[in-house]
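A.B. asks: In our numbering, the protein residues as written are -15 to 150. Before we start, here is the structure in question, set down as structure tokens.
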């Protein structure tokens, strides 16, 4: 529970505390993108690029938070595994000790999905833009892609913890 709260607290700009667990990253960019699709003025391109860069920054924060949670989950799993080996706790207690990370793993999976959508939209917009506008969208998409890969590694580590193989 503490780690889940810590993850949410660190990822508030991304995940948010909205009812239903709706994610915030990607949402702001999609609004700017809708405006861009209606009329493509230079000011709208600039606004959409700024929003894309802001979303990329939020996904970077999400990747940092996912790394911290994965590190904590892995450390907890190692500590609990040592307790099982020494007979201090049972295997069932071990599983219960790591099960709390399922919520965090689910949140990371959702962030990965949202990041993929945002990157795809940014790349589509780069295809519609020209010159520096194209570069702005492409740069933001590249940043989101890097964050996505980081979150995917963290999600894989979390899955190992939850499977008892970490």
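Where is the CB? At the ideal position from N, CA and C, for every residue including glycine.
Does the distance from the CB of residue 85 to the CB of residue 150 come in under 8 Å?
C.D. replies: Not in contact: residue 85 and residue 150 (Cβ atoms no closer than 8 Å).
A.B. asks: Leaving out the 5 sequence neighbours to the left and right, which residues in its chain are closer than 6 Å to residue 148 when beta-carbon positions are compared?
C.D. replies: None.
A.B. asks: Between the C-alpha atoms of residue 5 and residue 88, what's the straight-line distance to the nearest angstrom?
C.D. replies: Per-residue confidence for residue 5 stands at a pLDDT of 33, beneath the threshold of 50, marking its modelled position as unreliable; no derived number is given.
A.B. asks: DSSP on residue 149, reduced to helix/strand/coil?
C.D. replies: In the structure shown, residue 149 sits in coil (DSSP, three-state: anything other than H, G, I, E or B).
A.B. asks: Under three-state DSSP, which class holds residue 92?
C.D. replies: Three-state result, residue 92: helix.
A.B. asks: Give, in chain order, every unbroken run of the beta strand (DSSP E) that is at least 3 residues long and sits entirely within the region 102 to 128.
C.D. replies: Runs found: none.
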